[in-house]
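Here's the structure we're looking at; comments come further down.
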Amino acid sequence: MQNLATLRPAYIKDLPILVSLLQDAKEQMRSENVTQWDDHYPNIAILNKDIENHSLYLLGPDNIAAISITQKGKDWHLHRLMVHSSVKGQGIAKRILLNIIQNGYHNSVDNIWISTNHSNLPMIHILNSLGFCFSHKTKLFGREKYGYFFIYTYNLKRKMLR
Numbered sequence: 085m086q087n088l089a090t091l092r093p094a095y096i097k098d099l100p101i102l103v104s105l106l107q108d109a110k111e112q113m114r115s116e117n118v119t120q121w122d123d124h125y126p127n128i129a130i131l132n133k134d135i136e137n138h139s140l141y142l143l144g145p146d147n148i149a150a151i152s153i154t155q156k157g158k159d160w161h162l163h164r165l166m167v168h169s170s171v172k173g174q175g176i177a178k179r180i181l182l183n184i185i186q187n188g189y190h191n192s193v194d195n196i197w198i199s200t201n202h203s204n205l206p207m208i209h210i211l212n213s214l215g216f217c218f219s220h221k222t223k224l225f226g227r228e229k230y231g232y233f234f235i236y237t238y239n240l241k242r243k244m245l246r
């Protein structure tokens, strides 16, 4: 994955920033009754693994957001998008996703996949507004008590033909 514009790779030295961002994101979800994350997921071990796998990215010089991007074949999978509450409502999440879509075209990606909990209405709205298509719903092993997770895809090949 190259040319992610304002996104930069996260490093171990960024862990304190990432932990703070994660705690802030969890608090936002709790206050909005979003049941996607809990006290145990995601956690520091997952952030460390993302860093070790070179899949975690931070946004901007102020590190106001982060996202994990993994690649499987010609598809990108997005995980754990976090935007700090101090910039909530400023379209940061949408801009990050648009940036990833644009870079997907430049990197010959076929599909971009993302999942979100049924209770995460702000994310569902953003995904729909950007043209992501609902693929299916599933219950995640070990997290069944949180209900369904919706899987969305953005097919870059199909969008290029329009």
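Quick note: to get my numbering, add 84 to the position in the sequence shown (first position is 1). Virtual Cβ for every residue (Gly too), placed ideally from N, Cα, C.
Here residue 166 is bridged, per DSSP, to 150.
Note on residue 170: under 16 other CB atoms within 10 angstroms of its CB, so exposed under the neighbour-count rule. In the DSSP assignment, residue 196 falls within the unbroken beta strand (DSSP E) covering 195-201. One thing to note: residue 235 has its Cβ no nearer than 8 Å to the Cβ of residue 192. A direct Cα-Cα distance of roughly 10 Å separates residue 125 from residue 106.
A direct Cα-to-Cα measurement between residue 158 and residue 180 gives close to 20 Å. Between residue 142 and residue 194, the C-beta gap is not smaller than 8 Å, which leaves the two residues out of contact.
Three or more beta-carbon pairs separated by less than 8 Å are not found between the segment 121-140 and the segment 184-191, which leaves the two stretches without contact. If one requires a minimum length of 4 residues, the alpha helix (DSSP H) runs lying completely within the segment 221-246 are 240-244, in chain order. Between the alpha carbons of residue 150 and residue 196 lies a distance of about 17 Å.
Within the DSSP secondary-structure output, residue 125 pairs in no beta bridge. Residue 205: not part of any beta strand (DSSP E); member of the alpha helix (DSSP H) spanning 205-213, first to last residue. The beta carbon of residue 140 sits closer than 6 Å to those of 94, 134, 152, all from its chain and outside the five residues before and after it, given in chain order. A Cβ-Cβ separation of about 18 Å leaves residue 209 out of contact with residue 231 under the 8 Å criterion. Counting of Cβ neighbours within 10 angstroms places residue 216 among the buried residues, the total reaching 16 or more.
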